[in-house]
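Read the structure below first, then the notes.
Number of protein chains: 2
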Amino acid sequence: MSESNGKAILVICDGLGDRPTFEGRTPLQAADTPNLDAISEMGINGLVDVIAPGIVPGSDTAHLALFGYDPYEFYPGRGVFEALGADMELNRGDVAFRANFATVNDNMRVIDRRAGRKGSEVLAEALNGLEIKDIKVSLKNTTEHRCAIVMKGEKLSRYVSDVDTHVGGGVVADCKPLKEGAAEKKTASIVNEYVRQSYEILNKHPVNEERRRNGELPANIILLRGAGSYDKVPSMSERFGFSSACVAGASLYKGVAKYLGMDVIPVEGATGKADTNLENKAEAALEALKHYEFVFVHIKATDSMGHDGDFEGKREMILRIDNEFVPRLKGAGAYIVITADHSTPVSIKRHSSDPTPIVITGTGVRRDAVNKFDEISAASGALGRLKGLDLIPILSDFMGYYQMYGT
Amino acid sequence: MSESNGKAILVICDGLGDRPTFEGRTPLQAADTPNLDAISEMGINGLVDVIAPGIVPGSDTAHLALFGYDPYEFYPGRGVFEALGADMELNRGDVAFRANFATVNDNMRVIDRRAGRKGSEVLAEALNGLEIKDIKVSLKNTTEHRCAIVMKGEKLSRYVSDVDTHVGGGVVADCKPLKEGAAEKKTASIVNEYVRQSYEILNKHPVNEERRRNGELPANIILLRGAGSYDKVPSMSERFGFSSACVAGASLYKGVAKYLGMDVIPVEGATGKADTNLENKAEAALEALKHYEFVFVHIKATDSMGHDGDFEGKREMILRIDNEFVPRLKGAGAYIVITADHSTPVSIKRHSSDPTPIVITGTGVRRDAVNKFDEISAASGALGRLKGLDLIPILSDFMGYYQMYGT
Numbered sequence: 000m001s002e003s004n005g006k007a008i009l010v011i012c013d014g015l016g017d018r019p020t021f022e023g024r025t026p027l028q029a030a031d032t033p034n035l036d037a038i039s040e041m042g043i044n045g046l047v048d049v050i051a052p053g054i055v056p057g058s059d060t061a062h063l064a065l066f067g068y069d070p071y072e073f074y075p076g077r078g079v080f081e082a083l084g085a086d087m088e089l090n091r092g093d094v095a096f097r098a099n100f101a102t103v104n105d106n107m108r109v110i111d112r113r114a115g116r117k118g119s120e121v122l123a124e125a126l127n128g129l130e131i132k133d134i135k136v137s138l139k140n141t142t143e144h145r146c147a148i149v150m151k152g153e154k155l156s157r158y159v160s161d162v163d164t165h166v167g168g169g170v171v172a173d174c175k176p177l178k179e180g181a182a183e184k185k186t187a188s189i190v191n192e193y194v195r196q197s198y199e200i201l202n203k204h205p206v207n208e209e210r211r212r213n214g215e216l217p218a219n220i221i222l223l224r225g226a227g228s229y230d231k232v233p234s235m236s237e238r239f240g241f242s243s244a245c246v247a248g249a250s251l252y253k254g255v256a257k258y259l260g261m262d263v264i265p266v267e268g269a270t271g272k273a274d275t276n277l278e279n280k281a282e283a284a285l286e287a288l289k290h291y292e293f294v295f296v297h298i299k300a301t302d303s304m305g306h307d308g309d310f311e312g313k314r315e316m317i318l319r320i321d322n323e324f325v326p327r328l329k330g331a332g333a334y335i336v337i338t339a340d341h342s343t344p345v346s347i348k349r350h351s352s353d354p355t356p357i358v359i360t361g362t363g364v365r366r367d368a369v370n371k372f373d374e375i376s377a378a379s380g381a382l383g384r385l386k387g388l389d390l391i392p393i394l395s396d397f398m399g400y401y402q403m404y405g406t
Numbered sequence: 000m001s002e003s004n005g006k007a008i009l010v011i012c013d014g015l016g017d018r019p020t021f022e023g024r025t026p027l028q029a030a031d032t033p034n035l036d037a038i039s040e041m042g043i044n045g046l047v048d049v050i051a052p053g054i055v056p057g058s059d060t061a062h063l064a065l066f067g068y069d070p071y072e073f074y075p076g077r078g079v080f081e082a083l084g085a086d087m088e089l090n091r092g093d094v095a096f097r098a099n100f101a102t103v104n105d106n107m108r109v110i111d112r113r114a115g116r117k118g119s120e121v122l123a124e125a126l127n128g129l130e131i132k133d134i135k136v137s138l139k140n141t142t143e144h145r146c147a148i149v150m151k152g153e154k155l156s157r158y159v160s161d162v163d164t165h166v167g168g169g170v171v172a173d174c175k176p177l178k179e180g181a182a183e184k185k186t187a188s189i190v191n192e193y194v195r196q197s198y199e200i201l202n203k204h205p206v207n208e209e210r211r212r213n214g215e216l217p218a219n220i221i222l223l224r225g226a227g228s229y230d231k232v233p234s235m236s237e238r239f240g241f242s243s244a245c246v247a248g249a250s251l252y253k254g255v256a257k258y259l260g261m262d263v264i265p266v267e268g269a270t271g272k273a274d275t276n277l278e279n280k281a282e283a284a285l286e287a288l289k290h291y292e293f294v295f296v297h298i299k300a301t302d303s304m305g306h307d308g309d310f311e312g313k314r315e316m317i318l319r320i321d322n323e324f325v326p327r328l329k330g331a332g333a334y335i336v337i338t339a340d341h342s343t344p345v346s347i348k349r350h351s352s353d354p355t356p357i358v359i360t361g362t363g364v365r366r367d368a369v370n371k372f373d374e375i376s377a378a379s380g381a382l383g384r385l386k387g388l389d390l391i392p393i394l395s396d397f398m399g400y401y402q403m404y405g406t
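Protein sequence lines, in the order shown, are assigned to chains E and A.
Quick note: the first sequence uses numbering that gives the first Met the number 0, first residue 0, plus one each step.
Quick note: the second sequence uses numbering that gives the first Met the number 0, first residue 0, plus one each step.
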């Protein structure tokens, strides 16, 4: 037997890890998952500190780490991923934001942080392409009240504070420079002027007049957060030697994938929500494997259920993954990795640093005694406790795209 | 009981780790090894990422790491170890290479990368001591077609490419500078001139005329690779406080040992091959323990069998180690560590990053539930998953040569 390079599917179930909650069990432990368990039985298992022990990962930094990019070196700020995920053009030095349509009263007090879930496209059109001083500001509505914003021009900085205070009932915050510097000062003033103009344009916009007539709150302001600064980074192909593709519903993950040079595969019915079409995602992944060496599949709803504190919902989403998605991977003829970007325990409704279970299976992978895919079983696996950054080097060696040091 | 300093034997079975291959088992799993297993049962077990997870170690860098020397800081390039292993004198700034006698045709196409396995000593004599510009070039035949080369003179650099392309059928490569710089340019031109002169001298040499008459290929060129640049590093004794000795057959490992200030113990019948005399090596290690605190024993053939893809050969070499070597360590009265520098899976015939099993036994060492010495059993041991650089500090503390930080 001589070696030929292998392919791999990396499945990231967002926020999958959890804490013992119902009768002392995690949602994974409480779910009957024969297909996931079969993969654990065939493969090598362990736990992953995606960033580092005790550090609570964001979804964005966690994905960077799992793709082999140290987030402390490569993280550009969330806005960049949102803009890339929305197919907006970014060039070096551009600054990007996440943004929400929101409702404010005449005193700039926030009545609803998430306004205009319908009809936002028209409002977005009215705000797109504004010019403030020498800066051109593009805006694109992504889903419901959510938008991505890109600012182009000289001397912009990501080091400015959020306008969106994330707290209902507060007053719209001033954007402030987070560092001493002309670029930070300039960017903050552009953001504040943009927010002011958004109110002027939106508050009197016919769509909002209509909404008021219907007794609805007007979507009369844009609140920005998560500034990011775009720079080109070496692609996964350049760094690791294999081509890669992304199958995801939610735009953040598409954005991370694009940032790292993956091709994003469009999938019908991939919504990034609990109703996502997992069969289509599996088929898309298998099809992508014909053309790419490495395929990343993202499944979002496990995280959303964690944030909602919905134990039963999370357990059911896990059952769906086990029933509808995992069995289709069987004939893939590729390395299969299943893990999570972080834990989102239903008991605390937020991300936590509890390490996530991981299983790797495929040709030549050592097989340990673990035969169940959950947080506790995985802890006794032969992979031990890894860091997120270790995954791609380990997988690359299995695939044959290894880095050797010394002779 | 109060503490007195202890001694230790570190046994490195080269390339010992493997992947499940025959009936899902590794060579270690497939071998019946009661003596190794007894050590695992008495000791503490674990896995070692010799360099880092997913990074495939070379034998040279791996040994540096296992001796407590970060290869990213201390690695001088392979040629240095080869020259030291061949007992050649090295001073600061000297550049050393590995080299092979080879056969080329009139167009400098390589017909055989490994020529002149017999009679190389005479040919080596003809090439030793050449002077090119202000550089003196020494050459020593080590085993069969293999040589070590040392260049002495002003402004030499290790950052030059290999002349040996490692691929049969190709044309002899030009040596090229790997960095912008006068020393790199100069060294490359010396190497190219040396290769040219080696062909001139060897092609018409009486030994090769004789070979041609006998229908053998002439050993008519020297191909260089693995440039290294010598610098003195702090010895193990200076860094860790204990004296150390090396018992090895193959010259690379003697070279690494010398580089770190170990004394190399000559052992009759230690060949670095499958026919090596393991009883003599064990006796030499026990004898060395009388005079040194730390004794490193290297056993090479497990790696060679991996490179050959020879499962049964690797299994049999493991059985020999278990039968002929390990039982003799019983009365050593020292800490015993058994591990590998890397995995060399027979299925892929190259080094891999799969972590290697390790066992440590001796006074005061915690005893875990592991009772079999193999890659999977070790994974559940109480040592967990270590890095190569962790070994000597851990062992030093058992031996009583510990470093304390704080009070």
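Glycine included, C-beta positions come from ideal geometry on N, C-alpha and C.
Owing to the predicted nature of the structure, the values given are computational and were not obtained by experimental measurement.
Output yes if chain E places a C-beta closer than 8 Å to the C-beta of I357 (chain A); else output no.
-> The residue labelled residue 357 (chain A) in the question sits at position 358 within the second sequence. False, the Cβ-Cβ gap to chain E never drops below 8 Å.
Based on the DSSP secondary-structure assignment, which residues constitute the bridge partners of F100 (chain E)?
-> As a working mapping, residue 100 (chain E) is identified with position 101 in the first sequence. DSSP, once it has assigned bridges, lists E:I221 as partnering F100 (chain E).
Can you give me, in chain order, the residues of the segment 43-61 of chain A that have a beta carbon less than 9 Å from any beta carbon in chain E?
-> G45, L46, D48, I50, A51, P52, G53, I54, V55, P56, G57, S58, D59, T60 and A61
Given a limit of 9 Å on CB to CB distance, which residues of the segment 367-386 of chain E reach chain A?
-> Contact annotation: in the segment 367-386 of chain E, residues whose CB is within less than 9 Å of a CB in chain A are D367, A368, S379, G380, A381, L382, G383, R384, L385 and K386.
Residues from the segment 215-237 of chain A in contact with chain E, defined by Cβ distance under 7 Å | G225
For chain E, find out if any of its Cβ atoms is closer than 8 Å to the Cβ of G305 (chain A); answer yes or no.
-> Against the second sequence, residue 305 (chain A) aligns to sequence position 306. Chain E, which has no Cβ nearer than 8 Å to the Cβ of G305 (chain A), makes this no.
Beta-carbon contacts of K6 (chain E) that lie in its chain and below 6 Å, excluding the five residues immediately before and after | Position 7 of the first sequence, counted from the start, is the residue given in the question as residue 6 (chain E). Excluding residues up to 5 positions away in sequence, L288, E292 and A333 lie with their Cβ nearer than 6 Å to the Cβ of K6 (chain E) in the same chain.
Partner residues on chain E for H350 (chain A), Cβ-Cβ distance less than 8 Å = Counting from 1 along the second sequence, the entry for residue 350 (chain A) is found at position 351. Neighbours of H350 (chain A) on chain E, chain order: M403.
Residues of the segment 2-29 of chain A with Cβ closer than 7 Å to any Cβ of chain E, in chain order | Against chain E - using a Cβ distance shorter than 7 Å - the residues of the segment 2-29 of chain A are R18, P19 and G23.
Out of E:V194, E:G383 and E:A30, point me to the one whose CA is closest to L129 (chain E)'s CA.
-> Position 130 of the first sequence, counted from the start, is the residue given in the question as residue 129 (chain E). Considering only alpha carbons, the answer is E:V194.
In angstroms with no decimal places, state the Cα-to-Cα distance between C174 (chain A) and D17 (chain E).
-> As a working mapping, residue 174 (chain A) is identified with position 175 in the second sequence. As a working mapping, residue 17 (chain E) is identified with position 18 in the first sequence. So the two alpha carbons sit approximately 57 Å from each other.
Are the C-beta atoms of D69 (chain A) and some chain E residue less than 8 Å apart?
-> Taking the second sequence and counting its residues from 1, one reaches residue 69 (chain A) at position 70. No, no contact with chain E.
Kindly confirm or deny that the segment 356-365 of chain A and the segment 321-339 of chain A touch, where touching means at least three C-beta pairs closer than 8 Å.
-> yes
Own chain residues within Cβ distance below 6 Å of K386 (chain A), not counting five before or after | On the second sequence, position 387 is the one that residue 386 (chain A) refers to. Excluding sequence neighbours, K386 (chain A) sits near D48.
With respect to the beta strand (DSSP E) encompassing R314 (chain A), which residues constitute its N-terminal and C-terminal limits?
-> Working through the second sequence from its first residue, we reach residue 314 (chain A) at position 315. No beta strand (DSSP E) holds R314 (chain A); the alpha helix (DSSP H) holding it covers F310 to R319.
Does the distance from the C-beta atom of A182 (chain A) to that of L223 (chain A) stay below 8 Å?
-> For the purposes of this step, residue 182 (chain A) is identified with residue 183 of the second sequence, where counting begins at 1. For the purposes of this step, residue 223 (chain A) is identified with residue 224 of the second sequence, where counting begins at 1. Taking 8 Å as the Cβ cut-off, A182 (chain A) and L223 (chain A) do not qualify as a contacting pair.
Closer than 8 Å, CB to CB, is D353 (chain A) near chain E or not?
-> Within the second sequence, the letter at position 354 stands for residue 353 (chain A). Yes, because at least one Cβ of chain E sits closer than 8 Å to the Cβ of D353 (chain A).
Report the partner residues of F419 (chain A) according to the DSSP bridge assignment.
-> No answer is possible for residue 419 (chain A): the residues shown for chain A start at 0 and end at 406.
Tell whether a beta-carbon distance below 8 Å holds between L251 (chain A) and S58 (chain A).
-> As a first step, residue 251 (chain A) must be located in the second sequence, where it is residue number 252. As a first step, residue 58 (chain A) must be located in the second sequence, where it is residue number 59. The Cβ-Cβ distance between L251 (chain A) and S58 (chain A) falls below 8 Å.
Starting from P344 (chain A), find everything on chain C with Cβ-Cβ shorter than 8 Å and list it in chain order.
-> Checking the listed chains, one finds no chain C in this structure; the protein chains it contains are E and A.
Please go through the same chain and pick out, in chain order, the residues whose beta-carbon is closer than 6 Å to the beta-carbon of E40 (chain A), but skip the five residues on each side of it.
-> As a first step, residue 40 (chain A) is located in the second sequence; it is residue number 41 there, counting from the start. The answer, listed in chain order, is N370.
Within this structure, are the beta carbons of H144 (chain E) and R113 (chain E) separated by less than 8 Å?
-> As a working note, residue 144 (chain E) is residue 145 in the first sequence. As a working note, residue 113 (chain E) is residue 114 in the first sequence. Contact: yes.
Pair every Cβ in the segment 268-284 of chain E with every Cβ in the segment 316-329 of chain E, then say whether three or more of these pairs are closer than 8 Å.
-> These segments touch.
Could you give the distance in angstroms between the alpha-carbon of T270 (chain E) and the alpha-carbon of M304 (chain A)?
-> The count along the first sequence starts at 1 and reaches residue 270 (chain E) at position 271. The count along the second sequence starts at 1 and reaches residue 304 (chain A) at position 305. So the alpha carbons of these two residues sit roughly 52 Å apart.
Please compile the residues from chain A whose C-beta is within a distance smaller than 8 Å of the C-beta of I393 (chain E).
-> Mapped onto the first sequence, residue 393 (chain E) falls at position 394. What I393 (chain E) touches in chain A: P52, G53 and S352.
Y74 (chain A) touches chain E at which residues, Cβ-Cβ below 7 Å?
-> Here residue 74 (chain A) refers to the residue found at position 75 of the second sequence. Those are G405, listed as they occur along chain E.
7 Å Cβ shell around L388 (chain E) - same chain, five flanking residues per side excluded = Looking up residue 388 (chain E) in the first sequence gives position 389. Here the set comprises A64, G67 and D69.
E84 (chain E): buried (16+ other C-beta within 10 angstroms of its C-beta) or exposed?
-> Numbered from its first residue, the first sequence carries residue 84 (chain E) at position 85. Just to set this straight, residue 84 (chain E) is Gly in the shown sequence, not Glu. Buried: at least 16 other Cβ atoms inside 10 Å.
Who does N140 (chain A) pair with in a DSSP beta bridge?
-> On the second sequence, residue 140 (chain A) is found 141 positions in, with the first residue counted as 1. Note: N140 (chain A) sits in a beta bridge opposite A:C146.
Cβ of D93 (chain E) within 8 Å of any chain A Cβ | Residue mapping note: residue 93 (chain E) aligns to position 94 of the first sequence, counting from 1. Closer than 8 Å: no.
Do D307 (chain A) and the ligand ADP come close, with the Cβ less than 7 Å from some heavy atom?
-> The model depicted lacks the ligand ADP and carries no ligand whatsoever.
Helix, strand or coil: which one does DSSP assign to Q402 (chain A)?
-> Sequence index remark: in the second sequence, residue 402 (chain A) carries index 403 (1-based). Coil, per DSSP.
Proximity winner among A:A125, A:I317 and A:N104, relative to T275 (chain A) (alpha-carbon distances) = Locating residue 275 (chain A) in the second sequence gives position 276, where the first residue counts as 1. Measuring from the Cα of T275 (chain A), the nearest candidate turns out to be A:I317.
List the endpoints of the continuous alpha helix (DSSP H) containing V255 (chain E).
-> Mapped onto the first sequence, residue 255 (chain E) falls at position 256. Where V255 (chain E) is concerned, the enclosing alpha helix (DSSP H) stretches over S250 to Y258.
Based on the DSSP secondary-structure assignment, which residues constitute the bridge partners of K386 (chain E)?
-> What you label residue 386 (chain E) is simply residue 387 of the first sequence in a count that begins at 1. In the DSSP output, where bridge partners are listed per residue, K386 (chain E) has E:D48.
Starting from S188 (chain A) and walking both ways along the alpha helix (DSSP H), at which residues does that stretch end?
-> Sequence index remark: in the second sequence, residue 188 (chain A) carries index 189 (1-based). First-last of the alpha helix (DSSP H) with S188 (chain A): A181 to N202.
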